[in-house]
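Engineer: Have a look at this one.
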Amino acid sequence: RDAGMLRREGRREGRGRRRRVRLAVPQPRPPPGRRCRSALGSGVPVLAGAGGGGRMASSRRLLLSTMKQICLCAAASFASQDWTKNDEKLLQAVDYNDAGRVTALLLRKGLVPTKLDSEGKSAFHLAATRGNVDCLEAMLAHGVDAMTKDSSGYTALHLASKHGHPQCVSKLLQASCPVDVADGSGRTALHLAAASGCISCSEILCDFKAPLNSKDKDGSTPLILAAKMSHPELCRYLLHRGAAVNCRDLQGRTALMLACESGSVDTVEVLVSAGARVAVVDATGHDAAHYGLATGNALIQHLLQEAAQRRSWASEEESTEQTSQTSSPSQSSVREKSSTPRKRKAPLPPQGTPSQEDRDAYDEIVRLRLERAQFLQKIRGLEQQEKQRRERAELDEASLRSMEKQIQELEERLVARDGEKEKLGKEVEALRSRLSSMENEKENTSYDIETLQDEEGEPLEFPGAEMLLSKKTLSPSAEELLATLQGQVQSLTVQNKELREKIQAVSRQVLENYERDESSPAGPGDVVPASLYQALQRELERLRAQGRDGQRGASEPSPEGAPGPRPAEEPAWAWGECKAALGELGVQTSPSSSPSGQREPSAELAEARAALERAQSELEERERRLKELQARLEAAEAPPGAAAEEASREKEALLERCGRAEAEAQALRRELEAR
Numbered sequence: 001r002d003a004g005m006l007r008r009e010g011r012r013e014g015r016g017r018r019r020r021v022r023l024a025v026p027q028p029r030p031p032p033g034r035r036c037r038s039a040l041g042s043g044v045p046v047l048a049g050a051g052g053g054g055r056m057a058s059s060r061r062l063l064l065s066t067m068k069q070i071c072l073c074a075a076a077s078f079a080s081q082d083w084t085k086n087d088e089k090l091l092q093a094v095d096y097n098d099a100g101r102v103t104a105l106l107l108r109k110g111l112v113p114t115k116l117d118s119e120g121k122s123a124f125h126l127a128a129t130r131g132n133v134d135c136l137e138a139m140l141a142h143g144v145d146a147m148t149k150d151s152s153g154y155t156a157l158h159l160a161s162k163h164g165h166p167q168c169v170s171k172l173l174q175a176s177c178p179v180d181v182a183d184g185s186g187r188t189a190l191h192l193a194a195a196s197g198c199i200s201c202s203e204i205l206c207d208f209k210a211p212l213n214s215k216d217k218d219g220s221t222p223l224i225l226a227a228k229m230s231h232p233e234l235c236r237y238l239l240h241r242g243a244a245v246n247c248r249d250l251q252g253r254t255a256l257m258l259a260c261e262s263g264s265v266d267t268v269e270v271l272v273s274a275g276a277r278v279a280v281v282d283a284t285g286h287d288a289a290h291y292g293l294a295t296g297n298a299l300i301q302h303l304l305q306e307a308a309q310r311r312s313w314a315s316e317e318e319s320t321e322q323t324s325q326t327s328s329p330s331q332s333s334v335r336e337k338s339s340t341p342r343k344r345k346a347p348l349p350p351q352g353t354p355s356q357e358d359r360d361a362y363d364e365i366v367r368l369r370l371e372r373a374q375f376l377q378k379i380r381g382l383e384q385q386e387k388q389r390r391e392r393a394e395l396d397e398a399s400l401r402s403m404e405k406q407i408q409e410l411e412e413r414l415v416a417r418d419g420e421k422e423k424l425g426k427e428v429e430a431l432r433s434r435l436s437s438m439e440n441e442k443e444n445t446s447y448d449i450e451t452l453q454d455e456e457g458e459p460l461e462f463p464g465a466e467m468l469l470s471k472k473t474l475s476p477s478a479e480e481l482l483a484t485l486q487g488q489v490q491s492l493t494v495q496n497k498e499l500r501e502k503i504q505a506v507s508r509q510v511l512e513n514y515e516r517d518e519s520s521p522a523g524p525g526d527v528v529p530a531s532l533y534q535a536l537q538r539e540l541e542r543l544r545a546q547g548r549d550g551q552r553g554a555s556e557p558s559p560e561g562a563p564g565p566r567p568a569e570e571p572a573w574a575w576g577e578c579k580a581a582l583g584e585l586g587v588q589t590s591p592s593s594s595p596s597g598q599r600e601p602s603a604e605l606a607e608a609r610a611a612l613e614r615a616q617s618e619l620e621e622r623e624r625r626l627k628e629l630q631a632r633l634e635a636a637e638a639p640p641g642a643a644a645e646e647a648s649r650e651k652e653a654l655l656e657r658c659g660r661a662e663a664e665a666q667a668l669r670r671e672l673e674a675r
């Protein structure tokens, strides 16, 4: 046990000794310029050594700029990521290029211009896309981070270069925006400017030392993109600034191959004149001539053939020079061995360097070409503006034509409405005239039973039937039809009442006459009332004529040889008066009621009384029906449609009854004429 305790104590002592030795060893200092991790994060340059006051000042400035960027990023990260109404106002102000409102919103609301909306764009990126220099400058003055990328991985410099806004590119580069930052596809701002064909943006980027031969993820350089998009002047400028003409992409294609594939003769000429190799093949073994054959352009094939011939001539000259250089030592040895001296030829003059005038002329040519390219770009912009103006004019003209067509259609509809209005006015006037004429006819026409009896020799069984048949419904509406039927019912009620009174008066007169006939017969003037005198006189004359005819027939000897009976004068006159009264009442007499018969006056009086009672009962029945009809009409006033239908049905039934009454009257007339 003691030995074990001693071993443990020894180990503890050894560990303590080693720990003390490790703490005593001094730590080495990092070399000057080494990047160390600090409390602020990784990637902050800290100078370990003291290399002088200038180095410390520069390191302090670098540290301050780094701290500023870190603070801005922290402020952007700690800001509310919710898209607010003020952020939308800032975006609208940039869209309208209102720099004053942008400045006011940034100062008062404390907004972050690089905050992304739901579509992945911010006010700062929108200003660079639209080319709103004033808004972009206001946001840069507010301290926005120019390195912020949108949802597509583009910075503001990428967007300004892509859409061809050289002023925005210049402002961003002056605000210390890095020129060599790549997007998600590995393309720099110069790649995007070359693809869009903007020479001005390319010049500014090259002036700020943009890399000319940097490659994207596909291995394309700015020159390859410019040749692919057929921008010959931009290719010439990039070659002038030192771009490599024979660079290849990941598929082994050069700028010359892509220019031949696009069919741009000017671009092929620029590249060939710059020394592009024609015989180079890509990964599939195809050269530039193969790409030119795909387009079918003969001029491109001619340029490629000339370039290949010049290349072969140059290679032959190089080979001859090399052979001449190798053969010169042997010739000199032979000349030394020969005893006779020979005259030596003068060596070729060395190739002189180009003079200053040539360089100036070349620079002038390049400058003129650049100016030409700028002018061409301006011309293209003006042509595009003219095209847009024409399109807008065509749209305006089309909208104007559509509006004129709509106006014409509205005018036609207005004319049609006016015609319909005039037609309806004429119809209303016609209906009004018909209404007035019918009212006048109704006022001027009076159906008197006595007048009708004098003209036709018989009364109508149903009073007011002709008025009902002649009356027409003036208005198609149910209310007017209901009012018309109510008026007809009232008029029929009044006429029935008058006829009833008249029947009662006539019945009393007939009874009085028959009573007088039974007691003491009197003359016709004492029995007939004055109101019926004229009608009865005409009927009496007709009956007397028939009586004379009957007397002549009766005076003739009978088959047995005995003379026929002759009626007395007073019974004949009484029978004529009764018949006239019964004819006025519409009573049909039987064949056995002839005045030539041998019936007693009491029987005839009883028959007349029975006929009068039947007529009175019929009138009471009709009055009851009229009351029922009136009650139905009053009950049907609530629903006009049903009331109109019921009234029309009652009207049809009433007209049918009137027709039957007329038929009975005509049958009675024929029977009387037969008698």
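In UniProt numbering, the protein residues as written are 1 to 675. From the three backbone atoms N, C-alpha and C, an ideal C-beta is built for every residue, glycine too.
Pick out whichever of 622, 435, 235, 118 has its Cα sitting closest to the Cα of residue 480.
Structural biologist: Comparing Cα-Cα distances from residue 480 to each of 622, 435, 235, 118, the minimum goes to 435.
Engineer: Give the secondary structure of residue 468 by DSSP, where H, G and I count as helix, E and B as strand, and everything else as coil.
Structural biologist: Bear in mind that a pLDDT of 45 at residue 468, under 50, signals an unreliable position, so the number given afterwards is only what the model happens to contain. In the structure shown, residue 468 sits in a helix (DSSP, three-state: H, G or I).
Engineer: Can you tell me whether residue 169 is buried or exposed? The criterion is at least 16 other CB atoms within 10 Å of its CB, across all chains shown.
Structural biologist: By the 10 Å Cβ count, residue 169 comes out buried.
Engineer: Assuming the contact rule is C-beta atoms closer than 8 Å, residue 213 and residue 259 should be a hit. Round their C-beta distance to whole Å, please.
Structural biologist: Residue 213 to residue 259, Cβ: 17 Å. No contact.
Engineer: Check residue 557 in the structure and name its three-state DSSP category.
Structural biologist: With a pLDDT of 46 at residue 557, under the threshold of 50, the predicted position of this residue should be treated as unreliable, though the coordinate-derived value follows. Coil at residue 557, not helix or strand.
Engineer: Could you pull out every residue in the same chain whose Cβ sits closer than 6 Å to the Cβ of residue 123, ignoring the five residues on either side in sequence?
Structural biologist: Taken in chain order, the residues that qualify are 90, 91, 94, 113.
Engineer: Can you tell me whether DSSP reads residue 362 as helix, strand or coil?
Structural biologist: Helix at residue 362.
Engineer: Within 10 angstroms of the Cβ of residue 285, are there 16 or more other Cβ atoms? Answer buried if so, exposed if not.
Structural biologist: Classification of residue 285: exposed, given that the 10 Å Cβ count is below 16.
Engineer: Would you call residue 358 buried or exposed, if buried means 16 or more other Cβ atoms sit within 10 Å of its Cβ?
Structural biologist: The residue in question, residue 358, is exposed, as its Cβ has fewer than 16 Cβ neighbours within 10 Å.
Engineer: Do three or more CB pairs link the region 493-501 to the region 658-667 at distances below 8 Å?
Structural biologist: With the cut-off at 8 Å, the region 493-501 and the region 658-667 do not touch.
Engineer: Once the 5 residues before and after residue 203 are set aside, which same chain residues still bring their CB inside 6 Å of it?
Structural biologist: Counting only Cβ-Cβ distances below 6 Å, and skipping sequence neighbours, we find nothing.
Engineer: Could you tell me the alpha carbon to alpha carbon distance between residue 236 and residue 85, rounded to whole angstroms?
Structural biologist: Rounded to whole angstroms, residue 236 to residue 85 spans 49 Å at the Cα level.
Engineer: Do three or more CB pairs link the region 402-416 to the region 217-230 at distances below 8 Å?
Structural biologist: At 8 Å Cβ cutoff, the stretches do not touch.
Engineer: Three Cβ pairs or more, each shorter than 8 Å: is that satisfied between the region 244-263 and the region 365-384?
Structural biologist: Result no; under three Cβ-Cβ pairs closer than 8 Å.
Engineer: Does the Cβ-Cβ distance between residue 181 and residue 208 come in under 7 Å?
Structural biologist: Their beta carbons are not under 7 Å apart, which means residue 181 does not touch residue 208 by this criterion.
Engineer: To which residues of the same chain is residue 193 closer than 7 Å at the C-beta, ignoring the five residues directly before and after it?
Structural biologist: Excluding positions up to five away in sequence, the list reads 161, 201, 202, 205.
Engineer: Using the three-state DSSP reduction, which class does residue 397 fall into: helix, strand or coil?
Structural biologist: Helix.
Engineer: On the premise that residue 135 lies in contact with residue 99, defined as a C-beta separation below 8 Å, what is that separation, rounded to the nearest angstrom?
Structural biologist: With 8 Å as the limit, residue 99 and residue 135 qualify as a contact, their Cβ atoms being about 5 Å apart.
Engineer: Exposed or buried, which one is residue 440 when buried takes at least 16 other CB atoms within 10 Å?
Structural biologist: By the 10 Å Cβ count, residue 440 comes out exposed.
Engineer: For a test of the three-state rule: what should DSSP assign to residue 267, helix, strand or coil?
Structural biologist: Residue 267 falls in the helix class under three-state DSSP.
Engineer: At 4 residues or longer, and completely inside the UniProt repeat "ANK" (152-184): list those alpha helix (DSSP H) runs for me, N to C.
Structural biologist: Whole alpha helix (DSSP H) segments, 4+ residues: 156-162, 166-174.
Engineer: Is residue 36 helix, strand or coil by DSSP?
Structural biologist: Summary for residue 36: the model assigns pLDDT 36, below 50, so the residue's position carries little reliability, and this model does not support an answer.
Engineer: Looking only at its chain, what residues have a beta carbon closer than 8 Å to the beta carbon of residue 393, apart from the 5 residues adjacent to it on each side?
Structural biologist: For residue 393, where only same-chain residues beyond five positions count, there are no Cβ hits under 8 Å.
Engineer: Would you tell me roughly how many angstroms separate the C-alpha atoms of residue 662 and residue 422, rounded to the nearest one?
Structural biologist: Their Cα atoms are separated by approximately 44 Å.
Engineer: Whole angstroms are fine: how far does the CA of residue 425 sit from the CA of residue 488?
Structural biologist: Computed Cα separation, rounded: 29 Å.
Engineer: Hey, is residue 496 close to the ligand ADP, as in C-beta under 6 Å from one of its heavy atoms?
Structural biologist: As far as ligands go, the structure on display features none, and thus does not contain the ligand ADP.
Engineer: On a Cα-Cα basis, can you pick out the residue from 398, 132, 125 that is closest to residue 156?
Structural biologist: Nearest option by C-alpha distance: 125.
Engineer: Among the residues of its own chain, which have a CB less than 6 Å from the CB of residue 308, if the five just before and after it don't count?
Structural biologist: Excluding positions up to five away in sequence, the list reads 278.
Engineer: Let me know if residue 130 comes out buried or exposed under the rule of 16 or more other beta-carbons within 10 Å of its beta-carbon.
Structural biologist: Buried, since its Cβ has 16 or more Cβ neighbours within 10 Å.
Engineer: If you draw a straight line from the alpha carbon of residue 102 to that of residue 128, how long is it in whole angstroms?
Structural biologist: Approximately 14 Å, taken between the alpha carbons.
Engineer: Residue 283 and residue 304: beta carbons closer than 7 Å?
Structural biologist: In this structure, residue 304 does not lie closer than 7 Å to residue 283 by Cβ.
Engineer: Quick check: what's the CA-CA separation for residue 267 versus residue 148?
Structural biologist: Those two C-alpha atoms are separated by around 36 Å.
Engineer: Tell me whether residue 152 is buried or exposed, calling it buried when 16 or more other Cβ atoms sit within 10 Å of its Cβ.
Structural biologist: Classification for residue 152: exposed.
Engineer: What are the uninterrupted segments assigned as beta strand (DSSP E) that are 3 or more residues long and contained completely in the UniProt repeat "ANK" (218-250), given in chain order?
Structural biologist: Complete beta strand (DSSP E) runs here, min 3: none at all.
Engineer: With C-beta atoms as the reference, is residue 142 less than 7 Å away from residue 172?
Structural biologist: Against a cut-off of 7 Å, the Cβ pair of residue 172 and residue 142 comes out as no contact.
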